[in-house]
Each structure stands twice: as structure tokens, then as C-alpha cells.
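Visitor: Here it is, the structure in full.
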Amino acid sequence: MRAALILALVACGLIQAASAEPVAADRPDDVALRYYAAQKRTDRVEAEIERLRRRHPGWQPPADLWTAEPGGEDEGPLWDLLGAGRLADLRAGLAERRRAEPGWTPSAALTRALARRDLRLEAVTLAKSARWIELARLVDARRADLDPGEAELGWAAAEAWGRTERGPEAFDWLKRMMVAPGLGPEERRVTLLRAMAFLPMGEVDRLVAQARPGEAEPIRIDLTRGRISAVLHDEAGQSVDVNDRIAFEAYAEAAPDPNQSALVAWLAYKGRDLPVALTWFKRAIARGGDAMVAHGLAHTLRELGLRREAEDVAYAWREPLVNNTLLFIDLLEGDLTREIPPAIEPERLTRYAQVTAATASGEGAQALAWYAYNNCQFDTALGWFKRAVAWFPKEATVYGYALTQRRLHQQRAFIETVNRYDGLFPKVVDLLFQPASDHPMPCEQAAARRVARPVAVAPTSGYLDLSAPNEPVAAGRRGRVPDPDDLGASAASTPQVRRSDFPVPVPMENDLRVAPSGTASAVAELRWPARALGRPATIARRVPGVGAMPYERYGFSLKPAWNGEDGPSAPTAAEKPAPNGSLWADQHAAPSSGLDVAGTGSIQPLSSRTRNRAP
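With my numbering applied, the sequence shown covers 1014 to 1628.
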């Protein structure tokens, strides 16, 4: 019976667990040892003897180890059921045995083996479904049933701890598994590979040190892959040995998997070896690399100065990965926003505009707007600035929008835009306090030169003469030192800003709501719902973190309340209380800074700052 019992234990993978706990305080459990002896497996017998001696100093193997015959056949069929994994039949057999023999109980070994089988099945099920918190709770509650010599359950327990931010416990358990005599070389290698999924590579290296000499050599490539990943994720203290890198490159060159080539490429890119990175990224793409590989290829091309090629790659791979769309928008933005823009092919502009409209990119829209503005296409610039303000209303975008409105002499719209962003974008409000420049833009100067200076044809060669005519040098004029009193008076004087222009009440909502062209949403659906806001602010509330408004340098300040009152204002009855965490709630939760923050319908002298300060 004993041989059948042992065979059943081994078949179900529980022989190490059964031998983990002593049957009595002075005698270890030698079930596994006797089974190996019965099978004449001397190597496993020696390993089990070594394990028992470490746990029980002074213990000696039994004298009848090689001659004893197993006995006690009363539980043989039950062990057979356990070994076959027929747990339902086993439980039915136990119930039938208790009914037929009142007072009978299964042996401690069978009870323990059944409990561990249930634990292992439940743990593996939880691990396969990645329910790490539940699995960690389970193994914590059944820690006494864990044995470092039982591989599958040990791996599941360690991963549960590692995935629930209990890395030290996971490492300690795997370290115990690496030195457990019940594990063979293959199981120790699997232990290292499993550890790489949830432990830092530095701790995996410490586990590698616990392996037998040469035991980790078959997984050298896998360990190198883990170190490359650690370097790419900036793990402290990690580097890739030159020999390991050469070996991995040879492996990646022969492997059809594009991810191996991509790892070499990303490592070279991180080390700023751009030509090598370019070669490996191209190889990975040729082998079926994904959009993230294309992203690395586009970045490498950009770093090498091949911006047009990078733009084409990012455009081609824009759909699978939004990062490529963002990179495509970014690549051309620098050229589009130059004050003197370079010539860009119409097909590139069309392609860029289509992607911008389809993705509602505020950055792309403002780049196209500035390109049109600097090319004196002011109507086109206005259309793109409108979309840019709707999609991403940053200061430079709103500034360009207002500037274009003034250039097109849309005075009423210009005034409304400036008033709407008072208190938020000082540069925009400053347009009212600076006279419009009469100096022609570079694109206007170029147009004037084309009209006033017809291109001459060289009489002998027939080629166009593109050389600019010599400009007469204006005679110098002696300057006059300005009077300091005049300077002071000029600096302190207030610019002429019409009261009908600023401050005036305007709706505070952004009425520029433009749907992306790639969606079916109607523009009307994206508008703000109509709601009563009480009296609209004439000078906007000061936003925390925004600098001084331009009119304050001329000696004007604002009252603390947006509605012109001397005390801090509160939400009107038409406004719902702001939720916690909102800008309104944060601003009113902070102690009063004494800054004047809102509109009064008129600009007040600086001398009123003290008496208008919030109490």
C-alpha cells in the first residue's frame, strides 16, 4: 500500500509538500525518501537525505531504507483517486467510508495531501485570471501549507506577493525555492524566468547567484533581454555586458520575431548610437514590427536630421498608435510657426491639415494658422485660429486669434476676444495697450518687392537674375538725448484706451466649439448649454498663477469681487456650488491674498487699492 501511496503523491505533484512537515517532533517525514528508494532513484534519495539532514541536524536515514516493504493498504484506493485528480470521486469515497465505518478518519498524510491539492488548484486558477490580491490573501491564510520544494504553488504565491507591492516577500520565497533540494535544474531556471515578470532585474541577478554553476547558461539570452528592458526603464545599477550584448544581437539577427530586433534598436537609441538604432529599427519593421517600432524609427530619423522621412513614417503609422499622430503634428509644427516660414509643398500642407482636422489637434491648428498668417493668408489664418482656440486655448493661440481679427479690421470681435481673456492671458489684453504696428510684415514686403521690382532677364544667358538691387544707404542723423522729465511723464501716462472697448461685459463661455472632422458630432452638440450667469464680469477674475495684467503697470487696480463689490464675491444663485477640487473651490478655500481680482465696469486708480482690498 505504501508504494501505491507514494506513487499517488508523486503523480499529483505533492510529494515535496507531504514531506515538508515532520510527523512527530523527533522523527521527520520520510515518505518521499522511501518512495525514491523503492524506485531505485539514488540521485533523488541523496538529495532528500541532504534536505532532511539540513532540517533535522543529527538525523540518519533508516537502516531498512532499501529493504522495507510498504504496508497498510486500507487507503490505497483513496490515494489512487487523489493521484488521478478525481477529487469529486475521492470526496465521495471519503463520505462513503465514514458512513460504512463510523468513527473512521483519514490519515493525516491523506488529509494534508488533499488540502494541498485544493490549495494548489485554487492558487493556479487565481493566478491564471490575474486575481493577485485574492491569491495573496489565500496564500497568507495557508502559509503553513506552503513548501519551497513545491514549484507550481510556490511560483503562484511569489507572483501574488510581487504583484501586490510585496516584493521583499516574493524575493525571499523564491530564494528559498532556489536552494530547495526538491527542485531540479529546469525548475530553478523556470523560477528565474518567472521572477523576471514581477521583480526588478537587480533582485533577479541575486537569485541567479543562488543557481548551481552553469545552470543559468541555457537562459542567458532571456536574462540579457531582462537587463536590456531594465536599462530602457532606467532601473538603477543595471547595464548590459558587452559580451551579452553581442550574443543578444546575434540572436536577434537570426530570430524572425521583430521584438528582438526592436530591443536592440531601442537600446542603441537610448545610448545615442543613432546609425545603429536606425539599422535595427528598419530590420524590425521589415520583419513585421508594430506601430511602436515605427515610432522609434521616426524618432531616430528626426534625431539624424531626416525630418521629412520621419514625417512620412509617423504619418503612415498614425492610425495604430496615437503617439505617431502626435509626433507627426510636432515634426512640421516648428517649420510652420517660423516668422519667415519656409516653402512647404501643397500636398504636405493638405496632409497635415487633414490629420489636424480629423484629430482636433489644437497644436496643429495653431501651427497652420501661424503659417497662413505669416504668409498673409489672413482669412485662412482666422479659420484655423478659431479651431485652435476651441481645441486648445493657450495664450499664444488666443493671441494669434486676436491679432488676426485686428489685421482683418474685425474690431468688435477683436474687442470681445480681448475682454473675454482678461485675467487669464496678459499678452492678449496687452494688444489694447499697444498701438497696431504700421510696419509691413515680411510677406507683405515680399509681395511689394514682387510688384515694384520686375525680375530682369540677363541679356546673354537667358537665366532669371534673382539678385536683389542695391538699396541706397540712408544718411545718418544725430540723436537727441531725451529729457528725463519727459521720460517720466511718458512712462507714467496712461495709453488711450476707449472706455467702450475695455472693460466691457462679454459672455465668458468659449463660443468657438468645433467638432473634429473625423467624428459625426454636430457643431451644435458641442456648444455650451444655455444657462443664466447673472451679471457678466467686465474685468475677469484673476486666475491663480497668472501674472499682472498690462493695465496695472499704468496705475490701475481691480476690486476683489467680480461684480464690483468691496468684499469677496460668492457664486450667484444661478450657479451651482463648485465641487471639491475645482478651481473655484480651491481659490475660495485659500486665504485671501489681498489681490484685486475682478471687474467693476470701470478701471480704478491705484490709490484705491488699499480700501478695496478684501477684508
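Every residue, glycine too, gets a C-beta built ideally from N, C-alpha and C. What you are looking at is a predicted structure, and each value in this text was computed from that prediction instead of being measured.
Please name the residue in 1062, 1289, 1156 and 1170 whose C-alpha comes closest to that of residue 1144.
Guide: Nearest of 1062, 1289, 1156 and 1170 to residue 1144, Cα basis: 1170.
Visitor: Select from 1246, 1267, 1338 and 1321 the residue whose C-alpha is nearest the C-alpha of residue 1284.
Guide: The option with the nearest alpha carbon to residue 1284 is 1246.
Visitor: For residue 1332, which of helix, strand or coil comes out of DSSP?
Guide: Residue 1332 falls in the coil class under three-state DSSP.
Visitor: Taking residue 1125 as the reference, which of 1095, 1112, 1105 and 1099 has the closest Cα?
Guide: Answer by Cα proximity: 1095.
Visitor: What did DSSP end up calling residue 1253 once you bin it into helix, strand or coil?
Guide: Note: residue 1253 maps to coil in three-state DSSP.
Visitor: Should residue 1342 and residue 1309 be called a contact, given that it needs their Cβ atoms to be closer than 9 Å?
Guide: For residue 1342 and residue 1309, no; Cβs fall outside 9 Å.
Visitor: Output yes or no for whether 9 Å exceeds the beta carbon distance between residue 1380 and residue 1349.
Guide: Going by C-beta atoms, residue 1380 is nearer than 9 Å to residue 1349.
Visitor: Could you tell me the distance, in whole angstroms, from the CA atom of residue 1433 to the CA atom of residue 1366?
Guide: Straight-line Cα distance between these residues: approximately 28 Å.
Visitor: Tell me whether residue 1421 sits in a helix, a strand or coil according to DSSP, three-state version.
Guide: Reduced to three states, the DSSP call for residue 1421 is coil.
Visitor: Any idea what DSSP makes of residue 1142, helix, strand or coil?
Guide: Three-state result, residue 1142: coil.
Visitor: Under the assumption that residue 1164 contacts residue 1175 (Cβ atoms under 8 Å), give the Cβ distance between them as a whole number of angstroms.
Guide: About 16 Å; that fails the 8 Å criterion.
Visitor: Quick check: what's the CA-CA separation for residue 1225 versus residue 1192?
Guide: Going by the C-alpha atoms only, they are around 9 Å apart.
Visitor: Provide the residue span of the alpha helix (DSSP H) that contains residue 1383, from first to last.
Guide: Note, residue 1383: alpha helix (DSSP H), 1375–1387.
Visitor: Here's a check: name, in chain order, each residue in its chain whose Cβ is nearer than 6 Å to the Cβ of residue 1271, leaving out the five neighbours to either side.
Guide: Only 1297, 1300, 1301 and 1302 meet the Cβ criterion.
Visitor: Grouping DSSP H, G and I as helix and E and B as strand, with all else coil, what is residue 1367?
Guide: If DSSP states are grouped into helix, strand and coil, residue 1367 belongs with the helices.
Visitor: Rounded to whole angstroms, what's the CA-CA distance from residue 1186 to residue 1161? Just pull it up for me.
Guide: Spanning the two alpha carbons is a distance of roughly 7 Å.
Visitor: Is residue 1117 buried or exposed, if buried means 16 or more other CB atoms sit within 10 Å of its CB?
Guide: It counts as exposed.
Visitor: Beta carbon of residue 1386, beta carbon of residue 1398: below 9 Å?
Guide: Contact flag set, yes.
Visitor: Between residue 1106 and the rest of its own chain, which residues show a CB-CB distance below 8 Å, the 5 nearest in sequence each way excluded?
Guide: Correct list, in chain order: 1090, 1091 and 1094.
Visitor: May I ask you to report which of helix, strand or coil DSSP gives residue 1053?
Guide: Residue 1053 falls in the coil class under three-state DSSP.
Visitor: Less than 7 Å between C-beta atoms, sequence neighbours within five positions excluded: which residues of the same chain meet that for residue 1413?
Guide: Cβ within range, chain order: 1379, 1382, 1383, 1386 and 1398.
Visitor: State buried or exposed for residue 1084, treating a residue as buried only when at least 16 other CB atoms are found within 10 Å of its CB.
Guide: Note that residue 1084 scores 38 on pLDDT, short of 50, meaning its location in the model is unreliable; the coordinates nonetheless yield the value given after this. Exposed.
Visitor: Can you give the beta carbon distance from residue 1455 to residue 1353, rounded, assuming they're within the 8 Å contact cut?
Guide: So it is a contact: roughly 5 Å between Cβ atoms.
Visitor: For residue 1434, which three-state DSSP category applies?
Guide: Coil.
Visitor: Quick check on residue 1520: does DSSP put it in helix, strand or coil?
Guide: DSSP places residue 1520 in coil when its eight states are reduced to three.
Visitor: Suppose contacts are defined by Cβ-Cβ distances below 9 Å. Is residue 1424 in contact with residue 1395 by that definition?
Guide: No.
Visitor: Measure from the alpha carbon of residue 1388 to the alpha carbon of each residue in 1355, 1375 and 1416, then state which is nearest.
Guide: Residue 1388 has its Cα closest to that of 1355, out of 1355, 1375 and 1416.
Visitor: Considering only residues of the same chain and omitting the five flanking positions on each side of residue 1196, which have a CB-CB separation below 7 Å?
Guide: These residues qualify, in order along the chain: 1162, 1164 and 1190.
Visitor: Residue 1361 and residue 1324 - do their beta-carbons sit closer together than 9 Å?
Guide: Cβ atoms of residue 1324 and residue 1361: closer than 9 Å.
Visitor: If you compare alpha carbons, which of 1430, 1279, 1563 and 1253 is closest to residue 1306?
Guide: Of 1430, 1279, 1563 and 1253, the residue nearest in Cα terms is 1279.
Visitor: So, with DSSP's three-state summary, where would you put residue 1072?
Guide: Three-state result, residue 1072: coil.
Visitor: Looking only at C-alpha atoms, which of 1244, 1514 and 1444 sits nearest to residue 1409?
Guide: Residue 1444 is the option with its Cα nearest to residue 1409.
Visitor: Assuming residue 1050 and residue 1078 are in contact, meaning their beta carbons sit under 8 Å apart, how far apart are those beta carbons, in whole angstroms?
Guide: 5 Å between Cβ atoms; contact.
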